[in-house]
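Novice: Below you'll find the structure I mean.
Protein chains in written order, with this note's numbering: chain A, 3 to 524; chain B, 38 to 323.
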């Protein structure tokens, strides 16, 4: 009898103490988890959970809050940032984090030997040094108004020098010692990434419902490439949370008992098609404007994406920091008659097959897009709209493994792309600087005035100056119709109702951000 | 005493087989629809509309304006099927045609000139070790996606099989006495090859090629399904099935209808090929 009681007691305790574990399904894995060597969203999603950044971005995508740095000061000339580092932060292996680790992390980020594709995001650094154990001096050669926003990204994750040196080329592949709410468990590439709770974590940013330690004991990021399978995984409870469910499934998921769908009103991931403006056909601004007028973004958003996405007429979300409100009324919207009129006036004449040409040049631009259902749908819809105005767009879809290389060439006239950003300046500096040709400035947009304004915006010392400089760039590129904006993708997360309702974040498309808000209901 | 039944012409024997007759009728209808696509398609197959994912007419929400419903872009499924079948058949016919002619020539040559035999057959062995899908992937990587590269890949993939079959048929023909007789009469090699060897092998080779047609259609559809075949907005059955995959749980007709059509075409081609073999192969005549 006594034994029975003991067994029951043990079983009961075991039941209560059952570990909180969840599985998150997602579409693709990253090639590695080294914050300086991957630009993949898949890497950022995990790095935000495994590591910390100097400062954090609140869910409103505008407010900078504390991270590893509890406070910071900016010198009057905007060139020196002094960060006060918390002294209670430890790595997963128990070692204390010091200002030296912060300095090491930034220096590795910008070191040419690291060959980081995102080194520019750290600004024009003169030096980053630890003044003492809790003070870091971040000196720039020119002011960089975007710096704090860039430092919230996963690329600015604080790493452990010993760990980096011990693992060498395997850093972020066989292990990663971070200070985030979760620690590296085990990674099986293209299958799953297992994270375990960082018990000592207590330094979450104030906007999280829980500042640490995390409620989850274990998180498994499971790769499931097929979208219907992911939907079924959520419906059957094999996965508790995912942001990778097809829009077509959202209504069904909302109606499924036990599943909840949450959505952020902000949409900081924009899909667009760009024009290579020195190519024979699309070099004509009339053609670019007409193409912008021919596409019905609203119908696309409703019919192809079931009204979940926001139709885009602007190159960045109209909610983004430094968006130019004066442009709100000038954006190009669906007007096929006007589009035809513009092309007629510009001398593009329709031939027997309905396709326009001028001086023997057929208006048949070639568009390079990524193979896959998303760009398949988008490009075919655009193609159908353009047929209506006599533009015979040719689609060439490439698998992601070759697409990036193809998109760095001068072979195409149009290209499809999507990108995350934190602010207007972030987006504009990435795409419109002449030094970023041929990629990511695939438009060959080479305008001294734009370069000047972008520099002025980046080095601005006041919010007004930065805002007006970027606002002017936005006006220039919108006037030139360099892009065909398509839609802004909001963050939509399907979650089990056993979990507390999640507040989706938009940072680099990583909806769960640090995973601190993941919690089973009591 | 009953007189022996006269041997009927091959097509009469063919239509006495109900399965073959049905297959022939089905294929005939499909081919006619494919050829007549521009005249019988109720809508522009490339024009999208706001009526996306409309179910077929037999569904309660169906609409007679779109008998087989619409796809994810609001394009009429029926019209796209006409055009898609056309392209699928063209890809199959052209590639089997090119591959069959090249392969048969190689096979006949190997049998006719035994000196060439080891070279031709080793070459064929090498080609056989390349799966058609892999070959298609490689060619598309070089030439870019499109119906052309797929036709080339399928044609190349048809060569080795056709060459082997043609060779084995030709080898047995070469042993016949009439070949020797022809030689004894002093016929030129050319005449011997075309008049004696080719004419006596061709019917068996044709049967093999007709059986091969169904397989080629399937591989072609698979390549298009993988996004290597026709370029949008062109319709192709494999590509239509691939586009419908995303909607499988919600609008299954978009993927199911083209898939069923591929199935029907391949089945009909195989049944007809089998029946042709039965009536044309003298050894199988009862």
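Glycine residues also receive a C-beta, built at the ideal position from the N, C-alpha and C atoms.
#1: For residue 444 of chain A, would you say it is in contact with chain B, using Cβ-to-Cβ distances shorter than 8 Å as the test?
#2: Excluding the 5 residues preceding and the 5 following residue 49 of chain A in the sequence, name in chain order all residues of the same chain whose CB lies nearer than 7 Å to its CB.
#3: Here's the rule: buried if 16 or more other CB atoms are within 10 angstroms of the residue's CB, otherwise exposed. What is residue 65 of chain A?
#4: With DSSP collapsed to three states, give me the class of residue 343 of chain A.
#5: Have a look at the DSSP bridge pairing and note the partners of residue 122 of chain A.
#6: What in chain A is Cβ-close to residue 84 of chain B, meaning under 7 Å?
#7: Counting C-beta neighbours from all protein chains within 10 Å, is the total for residue 335 of chain A 16 or more, i.e. buried, or is it exposed?
#8: Taking the alpha-carbon positions, what's the residue 239 of chain A to residue 217 of chain A distance?
#9: Can you tell me the Cα-Cα spacing of residue 313 of chain B and residue 251 of chain B, whole angstroms?
#10: Is the Cβ of residue 323 of chain B closer than 8 Å to any Cβ of chain A?
#11: Determine, for residue 248 of chain A, whether the minimum Cβ-Cβ distance to residues of chain B falls below 8 Å.
#12: So what's residue 452 of chain A in DSSP terms, helix, strand or just coil?
#13: Taking only beta-carbon atoms, is residue 305 of chain A less than 8 Å away from chain B?
#14: Quick one: is residue 529 of chain A near chain B, going by C-beta distance under 8 Å?
#15: Give the straight-line distance between the Cα atoms of residue 376 of chain A and residue 433 of chain A, rounded to the nearest whole angstrom.
#16: Using a Cβ-Cβ cutoff of 9 Å, what residues of the stretch 268-285 of chain B are near chain A? List them in chain order.
#17: Just the Cα atoms here: how many angstroms apart are residue 333 of chain A and residue 47 of chain A?
#18: So, do the stretch 207-216 of chain B and the stretch 190-199 of chain B have three or more beta carbon pairs nearer to each other than 8 Å?
#19: Check the C-beta distance from residue 313 of chain A over to residue 300 of chain A and give it rounded, since I have them as a contact under 8 Å.
#20: What residue from A:243, A:234, A:241 and A:267 has the CA that sits closest to residue 251 of chain A's CA?
#21: Can residue 291 of chain B and residue 281 of chain B be called in contact, C-beta distance under 8 Å?
#22: Just to confirm before moving on: does the CB-CB distance between residue 219 of chain B and residue 229 of chain B stay below 8 Å?
#23: Nearest-angstrom Cα distance between residue 355 of chain A and residue 412 of chain A?
#24: From which residue to which residue does the beta strand (DSSP E) around residue 64 of chain B run?
#25: Under 7 Å between beta-carbons, which chain B residues line up against residue 373 of chain A? List them in chain order, please.
#26: Spell out whether any CB of chain B is found under 8 Å from the CB atom of residue 260 of chain A.
#27: Please list, in chain order, all residues of the same chain as residue 323 of chain A whose beta carbon is under 7 Å from its beta carbon, the five residues on each side excluded.
#28: Determine whether the Cβ of residue 379 of chain A lies closer than 8 Å to any Cβ atom of chain B.
#29: Beta carbon of residue 245 of chain A, beta carbon of residue 494 of chain A: below 8 Å?
#30: Could you tell me whether the Cβ of residue 287 of chain B comes closer than 8 Å to any Cβ of chain A?
#31: To the nearest angstrom, how far is it from the Cα of residue 288 of chain B to the Cα of residue 227 of chain A?
#32: Got a sec? Which residues, its chain only, sit under 6 Å from residue 379 of chain A by beta carbon, not counting five neighbours each side?
#33: Just the C-alpha distance for residue 369 of chain A and residue 392 of chain A, rounded to the nearest angstrom, thanks.
#34: For the stretch 67-95 of chain B, list every residue whose C-beta sits within 8 Å of some C-beta in chain A, in sequence order.
#35: Reducing DSSP to helix, strand and coil, say where residue 490 of chain A ends up.
#36: So, is the C-beta of residue 342 of chain A closer than 8 Å to a C-beta in chain B?
Specialist: The relevant details are as follows:
#1: no
#2: 35, 37, 156 and 159
#3: exposed
#4: helix
#5: Answer is none; residue 122 of chain A lacks a bridge partner.
#6: One finds 386 in chain A with Cβ atoms closer than 7 Å to the Cβ of residue 84 of chain B, taken in chain order.
#7: The Cβ neighbour count for residue 335 of chain A, taken over all protein chains shown within 10 Å, is under 16; the residue is labelled exposed.
#8: 19 Å
#9: 14 Å
#10: Annotation note: pLDDT 47 at residue 323 of chain B (below 50); position unreliable, coordinate value reported separately. Chain A, which has no Cβ nearer than 8 Å to the Cβ of residue 323 of chain B, makes this no.
#11: yes
#12: helix
#13: yes
#14: Shown here, chain A extends from 3 to 524; a query on residue 529 of chain A therefore has no answer.
#15: 22 Å
#16: 268, 269, 270, 279, 280, 282, 283, 284 and 285
#17: 33 Å
#18: no
#19: 5 Å
#20: A:234
#21: yes
#22: yes
#23: 28 Å
#24: Counting along the chain, residue 64 of chain B falls outside any beta strand (DSSP E), though it belongs to the alpha helix (DSSP H) covering 55-72.
#25: 264
#26: Using beta-carbon distances, residue 260 of chain A does not count as an interface residue toward chain B, since no partner is under 8 Å.
#27: 64, 425 and 426
#28: yes
#29: yes
#30: Contacts with chain A at 8 Å (Cβ-Cβ) include residue 287 of chain B.
#31: 20 Å
#32: 306
#33: Rounded to whole angstroms, residue 369 of chain A to residue 392 of chain A spans 16 Å at the Cα level.
#34: 83, 84, 85, 87 and 89
#35: Strand, per DSSP.
#36: no
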